[in-house]
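Residue numbers (this note's numbering): 113 to 274.
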């Protein structure tokens, strides 16, 4: 089997005299990210954050399909620098939909995937983080998804409430 054209993914199978055309995937990741936790079912201890860390897949297995969808939305909209993500609920949500979203976010918080940020978080050199809308702003656990400024994200994670 030889490749005729690497750009178009056209392959010629000389054994069967068939031409195989593969559709190119148009799905591109928004930004590079990596799971930090190893793929294992053994929990490990992160000494700097003083918490037990589990595999991302093990944590996602514990949440409902709806909570997984909310996590995916947060992951897609996160800042590559520090894992901060703003979840903007639809303005036209009724009371039942808002309660459902609240339950899904609570599921994610309970397994340690996200935390809600505080309005002001102090940082080094008299610098602080101020969030305009802390009610809808979350941080994804930097021990689960690595970001470019891991130290800053770890600091924010440690200073956010549950």
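All C-beta atoms, glycine included, are put in the ideal place defined by N, C-alpha and C. Note that this is a predicted model, so its numbers are computed, not measured.
For residue 189, the closest C-alpha among the options 251, 126, 256, 270 is that of 251.
In the pairwise beta carbon analysis, the stretch 214 to 227 is classified as touching the stretch 165 to 183: at least three pairs are separated by under 8 Å. Between the beta-carbon of residue 187 and that of residue 257 there is about 7 Å, and that keeps the pair under the 8 Å contact cut. By the Cβ-count criterion, residue 169 is exposed, with fewer than 16 other Cβ atoms from all chains shown falling within 10 Å of its own Cβ. Taking 9 Å as the cut-off, the Cβ atoms of residue 171 and residue 224 count as close. Per DSSP, the unbroken alpha helix (DSSP H) holding residue 181 starts and ends at 177 to 188.
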